[in-house]
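Be aware that the sequence shown starts at 1, since it is given in UniProt numbering, and climbs by one per residue.
By construction, the Cβ of each residue, glycine as well, lies at the ideal position given by its N, Cα and C atoms.
Each remark here refers to the structure printed beneath this line.
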Amino acid sequence: MEKFSDLKISSSEKPKNLCDLPIEIVEMIVEKLDFTRRSFVRQTCKTLREIVDGLKPCCCNEIKITIGLEECELKLEGHSIKYKRSEGEDPKEILEWMLKRMFDDLLTFVPNLQTNTYLVQFYDEQLTWPIFRSVYKKCVPQPIKARLIEHRTMEKYEEGIIKVKILRIEWTDLLDNKGNRRLIIWPSYFKYFRERQEDIFVHESELVPAKNTKVMLRPLKYREKPAE
1 MEKFSDLKIS SSEKPKNLCD LPIEIVEMIV EKLDFTRRSF VRQTCKTLRE
51 IVDGLKPCCC NEIKITIGLE ECELKLEGHS IKYKRSEGED PKEILEWMLK
101 RMFDDLLTFV PNLQTNTYLV QFYDEQLTWP IFRSVYKKCV PQPIKARLIE
151 HRTMEKYEEG IIKVKILRIE WTDLLDNKGN RRLIIWPSYF KYFRERQEDI
201 FVHESELVPA KNTKVMLRPL KYREKPAE
């Protein structure tokens, strides 16, 4: 024990964290993180957010956007950000606010707007699609580039069950006579899922699992409109 007698150890000292390291070291660490881990680090503090935003963006394999009058969701690599409408607010006006915040976050995390899979799904499409298209044109400088694009229209089929119409557009690795990748537009088809169990898609409504089926969900981050 004598060789430890000269060490000064105090339990009152605060443990070091990432922000205590030199900026150059922090940048080297964050640069090696994948997309999801960068997203979590970015939420930690302003300093880390600025570091993440200043780095060259890493690849995002999947962008998933869900649009509804009550709530919107942006999901990047499985990491979810939800935008909620407060009670009493006009649905159409708050939808514009939610979409602007969503596109701002999208451009922060994926500034090049390139991904492997792009999924966009709409509840109340007759109302939400025109607003989505209008805000997108104002806020997003270019179309999202993806190998696979999937457009989903969601509607209530019966109590607790959602019917989904799916249209898939895919650029394959096959080339045409001009050397361009071939585009396949698949025939639209339908799937079903139980509310709050979207991870379990089935082809027939009779196959939708019972309410008590457990589904593992990732932690969510919520953004709400600040009080006026």
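- Of the residues R181, F109, E206 and R182, the one whose Cα lies closest to the Cα of F193 is E206.
- Under the rule that a run must span 4 or more residues, the alpha helix (DSSP H) segments found entirely inside the stretch 115-145 read 125-139.
- Between E93 and the set I81, T128 and I23, the nearest pair of CA atoms involves T128.
- For F109, the enclosing alpha helix (DSSP H) covers residues P91 to F109.
- Your pair E150 and R168 checks out as a contact, with CB atoms roughly 5 Å apart and the cut at 8 Å.
- For the options L174, P22 and E62, the alpha carbon positioned closest to that of A146 is the one of E62.
- With contacts defined as CB atoms closer than 8 Å, F132 and K163 fail to qualify as a contacting pair.
- A Cβ-Cβ separation of about 4 Å places Q121 in contact with R152 under the 8 Å criterion.
- Within the DSSP bridge table, the entry for L175 names R181 as partners.
- Separation of the CB atoms of L48 and E27 is rounded to 10 Å, and the pair is thereby denied contact status at 8 Å.
- When the Cα atoms are used, G68 and N177 turn out to be separated by approximately 42 Å.
- Contact annotation, L76 with C60: C-beta distance approximately 6 Å; criterion of less than 8 Å satisfied.
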